[in-house]
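Quick note on numbering: the sequence shown equals residues 700 to 1009 in this note's numbering. Heads up, the beta-carbon is just placed ideally off N, CA and C, and yes, glycines get one too.
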Amino acid sequence: MNPNSLVSIDDISKEDILDLIERARYFEEHPNHKILDGKVVATLFFEPSTRTRLSFETAVNRLGGRVIGFSDASTTSSSKGETLKDTIKMVSNYVDLIIMRHYLEGAARYATEVTDVPVINAGDGANQHPSQTMLDLYSIYKTQGRLDNLVITMVGDLKYGRTVHSLLMALRHFNPTFRFVACDELRMPAEYREFCRANNIRYEEYKDFSPEVINSSDIVYMTRVQRERFADIMEYERVKDLYTLRAEMLRDAKMTMRVLHPLPRVNEIAQDVDDDPRAYYFDQARNGLYARQAIICRALGIDIYESEKG
Ligand code: CP
């Protein structure tokens, strides 16, 4: 496995996280720094995406590199039965970095085992989405001025939502207090509750998305119910409309609180929230460009500060 790969947020240290945030801030100020001249990056998306793929590709383009790849695996030879292993080994012949989204949990880890090229996990099933976590952390840092000692409320699909799983793990370094708001069917999985207990992280579980929970939060992290992960569509229908944030629910929330959402949203944030100054999800998506520029450079072993000196 290439040590510069990023498969799980748990693979990198607190120092790495803080360093990536610092570098994301650099790229926000210098988004067109051409340091990837001659580098080719593959984006292999076996699952649909708007933000992750386009922001990664924009990041490469703004840094002066080139992108190859696909956004629809049905147009590739995997539709003829080519294995993931063979696809990864083939693409590794052509590129310096692979960015991959796959519907199977563990697919990114597997990819690192069959290639020496660094791999960035752009989401694997309901498991992990570490680049989303870095942009979430950058967004939290920018809006709260710190990562430590925050009250973070996660709402909605905590079972299948890979972004909340990654974010929860990353925040273990920063003494968070979590509120998990979900129905029984979408409850935060036992392994993540156990992770909290093992790391002395406070958490409370709620079924009711009440004003008390919202008003005492620093971050309200809304999530979409992940229809594509349900084996039983009737169960999806039963739970899909349980949690919706509306503008009037923010009346007594802290003015410093921010509403985050990895997007896409369906109906879990009403359109009227968009006009509230605490709505931050579109800015959050923009932060993804800078966070991903920092992640790409790390994966390629390129130190922006050294290149500045040179
Ligand atoms: N947040 C996120 O992963 O969005 P996409 O599915 O559009 O990439």
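- A check of alpha carbon separations from Val759 across Ser777, Thr774, Thr742 identifies Thr742 as the nearest.
- The distance from the Cβ of Tyr935 to that of Phe908 is about 19 Å, inconsistent with a contact at the 8 Å cut-off.
- Per DSSP, Asn760 is one residue of the alpha helix (DSSP H) stretching across 750–761.
- Contact check for Ser770 and Pro829: beta-carbon distance about 20 Å, past the 8 Å limit, so the pair fails to qualify.
- When only Cα atoms are considered, Ala946 and Val965 end up about 16 Å apart.
- In the three-state reduction of the DSSP assignment, Gly780 falls in the coil class, being assigned neither a helical nor a strand state.
- Assigned with DSSP and collapsed to three states, Thr852 falls in strand.
- Residues lining the ligand CP by the Cβ criterion, that is a Cβ closer than 7 Å to any of its heavy atoms, are Pro747, Ser748, Thr749, Arg750, Thr751, Arg752, Gly822, His828, Gln831, Thr862, Pro961, Leu962, Pro963 in chain order.
- In the pairwise beta carbon analysis, the stretch 728–740 is classified as not touching the stretch 832–845: fewer than three pairs are separated by under 8 Å.
- Runs of the alpha helix (DSSP H) spanning 4 or more residues and lying entirely within the stretch 806–885 occur at 806–812, 829–843, 861–869, in chain order.
- Look at Thr742 here: in three-state DSSP terms it is strand.
- Selection Pro875, Tyr793, Glu781, Ser838 evaluated against Ser916 yields Pro875 as nearest (Cα-Cα).
- In this structure, the CA atom of Ile851 is about 13 Å from the CA atom of Met868.
- A Cβ-Cβ separation of about 5 Å places Val958 in contact with Val919 under the 8 Å criterion.
- Glu947 sits in a helix when the DSSP states are folded into three classes.
- A Cβ-Cβ distance of about 5 Å is found for the pair Gly763 and Asp736, placing them in contact under the 8 Å criterion.
- In this model, Arg991 and Asp718 are separated by some 13 Å (Cα to Cα).
- Within the same chain, Cβ atoms closer than 6 Å to the Cβ of Leu803 are found at Gly824, the five residues on either side in sequence being excluded.
- If you look at Leu719, you'll find it in the alpha helix (DSSP H) that goes 713–728.
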